[in-house]
Amino acid sequence: EETPYTGDELSNAILHLDAAKMSLAVSDGARAEDGVVYATDGGTYTVTLTLTDLNYRWEGGDTVVLTWTITAAENEITRINFDAEWTYARAPEPETPSAGARFGEPKFAYALLPDGFADDYDADLDWTDVLPTDAGSYVLCAYVEGTDDYAAAADYFEFIIRPAEIDVTGVA
């Protein structure tokens, strides 16, 4: 059986478990109580039922192994907060970006957008984790790396650092 990850402890009941006739053992990362198996993290768990009453036998032996898989949940970036534009070398400096995701803590990467960019963020952009400071058009990527618990997620936000204007006075 498969159950998607939620971040909470999940449960799976073993139907028709008769504790007087059989024992139940679970793999690492799971626990069992009163015929219910509990686990939180993504992965595959084994549940081993062994007959303890020799008057009974299952077809194929006295042990049955079941599997329960907690699959990686779908994930998404739910919000990005960042300044859309500011002027080079002028106060106030941009705020540090922030983002939220269904699962995981977002990280940030930045890339300079080439002239004629066509919104293909999977293109071969030169990504860095350092916030740019030079004038130009950029894209911020808020991303979460995938795990056994949840899928990877990414969202993008374009921003501009405008060139600073220079006032020249006293020139005849």
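This note's numbering applies: residue -17 is where the sequence shown begins, and numbers increase by one.
Backbone N, C-alpha and C fix where the C-beta goes; we use that ideal spot for every residue, glycine too.
Query	Result
Return the first residue and the last residue of the beta strand (DSSP E) that ASP23 is part of.	No beta strand (DSSP E) contains ASP23, which DSSP labels as neither H nor E.
Excluding five sequence neighbours on each side, which residues of the same chain lie with their C-beta closer than 6 Å to the C-beta of ALA66?	PHE141
Counting only the same chain and skipping the five closest in sequence on each side, list residues whose C-beta sits under 6 Å from that of GLY128.	ALA134
Out of LEU6, PRO79, TRP40, ALA83, state which residue places its alpha-carbon closest to the alpha-carbon of ILE59.	ALA83
Measuring alpha carbon to alpha carbon, tell me which residue in THR22, VAL46, LEU36, ASN37 is nearest VAL29.	VAL46
How many angstroms separate the CA atom of ALA91 from the CA atom of THR69?	20 Å
Just reading off the beta strand (DSSP E) that GLY42 is part of, what are its end residues?	Here GLY42 belongs to no beta strand (DSSP E), and DSSP marks it neither H nor E.
In the DSSP assignment, find the beta strand (DSSP E) that holds LYS89 and state where it starts and stops.	89 to 94
Out of ASP130, PRO114, THR151, PRO88, point me to the one whose CA is closest to PRO76's CA.	PRO114
Comparing C-alpha positions only, which one of GLU56, LEU36, ASN(-6), ALA1 sits nearest to THR26?	ASN(-6)
Please say whether TYR(-13) and ALA81 have beta carbons closer to each other than 8 Å?	no
Is the segment 89 to 109 touching the segment 144 to 151 in the sense that three or more CB pairs, one from each, lie closer than 8 Å?	no
By Cβ distance below 7 Å, which residues in the same chain neighbour GLY118 in space, the five residues on each side in sequence not counted?	LEU94, ILE143
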